[in-house]
Each structure stands twice: as structure tokens, then as C-alpha cells.
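Trainee:
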Amino acid sequence: MKIDLSDKTALVTGSTVGIGYAIALGLARTGATVVVNGRKQEAVDKAVKAIEDAVPGARVTGVPADLGTGEGAAALVAAVPAPDILVNNVGIFGPKDFFEVPDEEWARFFEVNVMSGVRLSRAYALGMAERGWGRILFIASESALNIPVEMIHYGFTKTAQLAVSRGLAKRLAGTGVTVNAILPGPTLSEGVADMLKDEIARTGQSLEEAGAAFVKAHRPSSIIQRAASVEEVANMAVYVCSKEASATTGSALRVDGGLVDTIA
Ligand code: NAD
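In terms of the UniProt record's numbering, the sequence shown is numbered consecutively and its last residue is 264.
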């Protein structure tokens with residue numbers, strides 16, 4: 001299979017680093033015109049340049065916008081009015097005990113992790129349907145199914161993404177627009193590197209070793225017994241965004257190393 005998206009434009013939210021960056025890079029490799037997004041101009045410029053350096057002839061631009069607010073989402077929509085592919089990747093996470101999480105933090109997690117994707121999907125999906133082709137992808141998490149006891153407020157947002165994704169897929173029935181969610185397991189992104197930095201400093205482990213130790217301690221049902229790379233998640237995302245994935249919609253696709261202990 002040769003994935004060719006050279007006639008499509010893809011917007012990947014929260015894509016200056018981490019899983020989002022790997023997806024933007026993967027889509028650029030398929031020939032797609034890619035728009036990256038983050039909060040700061042400098043980080044956006046750096047990601048655009050990195051993709052241009054990695055993919056000769058890449059068509060890539062960037063838009064800084066804070067997707068934790070309605071204004072930020074509106075600014076992004078004004079700058080990128082009609083993408084064919086929307087990857088709702090932006091997301092924040094971090095362990096905090098349920099009894100320590102105030103209302104404002106519940107609201108912030110909901111705004112960034114859920115409402116960003118709701119607002120952008122609402123802005124773009126009908127245009128995709130009119131054009132008869134589109135891909136909307138939510139980067140959820142295995143935490144949507146396996147609510148982590150150390151970050152219940154995060155798990156809640158990821159479950160909500162699955163509800164929106166499945167519902168929107170049905171709402172867009174017969175239009176040529178697919179809507180899916182990917183559920184990564186622990187993945188070695190910049191965000192996770194930051195989460196593990198104290199452990200790395202304490203033990204002298206590499207990021208990969210610290211990731212594997214985290215998986216064994218906190219996600220022992222993992223079949224691969226290690227964290228995934230961002231590319232392993234991006235590979236699934238690029239496929240789901242491809243023309244070849246036209247019969248996959250309304251799905252929640254796991255790239256979790258088998259850690260959700262279920263047959264289907
Ligand atoms: P990361 O922290 O490495 O990168 C996050 C990206 O989002 C960065 O580009 C950052 O600039 C951007 N960002 C953050 N807040 C933003 C905002 N308000 N507006 C615009 N951009 C913003 O994250 P990651 O680990 O690559 O995670 C990406 C997605 O994958 C998230 O939705 C996360 O929940 C999900 N996920 C990650 C893992 C993991 O282990 N890394 C596992 C499962 C799911």
C-alpha cells in the first residue's frame with residue numbers, strides 16, 4: 001500500500017512536539033499539505049522547519065493558537081478554513097490525586113482535551129461532507145477505558161472524546177467523512193519525558209528504560225512491556241487518515257501495546 005495524500009490538506013493540533021509532531025511529519029511524507037499548531041510562534045516555526053528539513057519538498061505551514069479557548073479555536077479556523085483532514089491531537093495530562101484537583105483544573109482539562117476537538121470538528125465537518133471526503137481523528141488514550149487512578153480527571157476527558165468521536169461518525173453517515181479515535185498507551189513523547197524526568201534524574205535511566213519501568217509498574221497488563229514510540233502511534237494515525245481507510249469509521253483503535261485486557 002502506498003499512501004498518497006498529495007491532494008489533501010491536514011491540520012494536526014498540538015503538533016510542535018510529541019505524537020502530534022510525529023503525525024504531522026508522517027502526513028507530510030504522504031505528500032499532504034500540513035498545518036502544524038502549538039501555542040507559541042517560536043515552537044511552531046521550529047516544527048515547520050524540522051518537517052521541511054526531514055521531507056524534501058514538504059508543504060507545511062504553522063498557526064500558533066491556544067486551543068484551550070474558544071477564541072483560539074476560532075483564530076485557527078480563520079487561518080485554516082477548510083482542511084480535508086483534522087487530527088484532534090492536542091491534550092494535556094499529569095498525575096494528581098482526585099482530592100487535589102480543583103474545579104478550575106477539571107474545566108481546563110475539559111476545554112483543552114475535549115472542547116478543542118468539539119469546536120474544530122463543528123467548524124470543519126460539514127465542509128468535508130459537502131466536498132464528499134474527510135477524515136476526523138481524535139487522539140484519545142487507553143486511559144479512556146482504563147481510568148488511571150492517579151489522573152481520573154484526564155481519563156474522564158479521554159472517555160468523553162470517544163463519545164464525541166463515535167457520535168459524530170454516526171452523525172456523518174454516508175457523507176464520505178470518517179471519524180475515529182486512536183487509543184495510544186504510554187508513549188515516549190516530550191510530555192511523557194517531562195513526566196518521567198525526576199525518575200530519570202534519580203535512577204540515571206534512559207528515557208526508554210524509564211518508560212519500560214513505568215509500564216511495568218503502572219500498566220503491568222502491557223503485552224509489549226514498554227512504552228511505544230511516537231512513530232508507532234503516528235503510523236496508525238496516517239493510515240486512518242488515508243484514502244485506503246475508507247471503511248473504518250466510528251472506531252476506537254488501540255495502539256496500547258495490548259495493555260487493555262480485552263479480546264475485541
Ligand atoms: P506532548 O505534551 O508531548 O505535546 C503536546 C503538544 O500540544 C505540544 O505541541 C504542545 O505545544 C501542544 N499544546 C498543549 N496545550 C496546547 C494548547 N492549549 N493549545 C495548542 N497546543 C497545545 O503530548 P503527547 O504526549 O504527544 O500527547 C498528544 C496526545 O496524545 C494527547 O491528546 C494525549 O492525551 C494523547 N496520549 C498521549 C500518551 C502518551 O503516553 N504520550 C498516551 C495516550 C494518549
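Even glycine gets a Cβ: it sits at the ideal position worked out from N, Cα and C.
Tell me where the alpha helix (DSSP H) around Ala160 begins and ends.
Mentor: Ile152 to Arg171 is the extent of the alpha helix (DSSP H) around Ala160.
Trainee: Taking the Cβ atom as the reference point for each residue, do Val230 and Leu188 lie within a distance shorter than 8 Å?
Mentor: Closer than 8 Å, so yes.
Trainee: From Ser206, Val118 and Thr175, pick the residue whose C-alpha is nearest to that of Val164; which is it?
Mentor: Checking every option, the nearest Cα to that of Val164 belongs to Val118.
Trainee: Can you give the Cα-Cα distance for Ala140 and Gly18, rounded to whole angstroms?
Mentor: Each residue's alpha carbon lies about 14 Å from the other.
Trainee: Quick one: give me the first and last residue of the beta strand (DSSP E) that Arg119 is part of.
Mentor: Per DSSP, Arg119 belongs to no beta strand (DSSP E); it is in the alpha helix (DSSP H), Ser116 to Arg131.
Trainee: Short check: CB of Val260 to CB of Asn146, under 8 Å?
Mentor: Cβ distance < 8 Å, so Val260 and Asn146 count as in contact.
Trainee: Across which residues does DSSP place Asn89 in a beta bridge pair?
Mentor: Bridge partners of Asn89: none, in fact.
Trainee: If I follow the unbroken beta strand (DSSP E) through Phe138, where does it start and stop?
Mentor: It spans Gly134 to Ile139 - the beta strand (DSSP E) in which Phe138 sits, taken as one unbroken run.
Trainee: Whose CA, out of Val101, Glu130, Val114 and Leu207, lies closest to the CA of Val149?
Mentor: Closest by alpha carbon: Val101.
Trainee: Evaluate the contact criterion for the region 203–219 versus the region 124–140: three or more CB pairs, one atom per stretch, below 8 Å.
Mentor: Not touching, per the Cβ criterion.
Trainee: Is there contact between the region 63–80 and the region 112–126, where contact requires at least three CB pairs shorter than 8 Å?
Mentor: Enough Cβ pairs lie closer than 8 Å, so yes.
Trainee: Once the 5 residues before and after Val114 are set aside, which same chain residues still bring their CB inside 8 Å of it?
Mentor: Answer for Val114: Thr157, Ala160, Gln161 and Val164, listed in chain order.
Trainee: Just mark Asp256 as buried or exposed, buried being the case when its beta carbon has 16 or more other beta carbons within 10 Å.
Mentor: Looking at its Cβ environment, which holds 16 or more other Cβ atoms inside 10 Å, Asp256 is buried.
Trainee: Less than 8 Å between the C-beta atoms of Leu5 and Gly26, yes or no?
Mentor: Cβ atoms of Leu5 and Gly26: not closer than 8 Å.
Trainee: Flag Pro102 as yes when its Cβ comes closer than 7 Å to any non-hydrogen atom of ligand 1, and as no otherwise.
Mentor: No, Cβ of Pro102 sits at least 7 Å from all heavy atoms of ligand 1.
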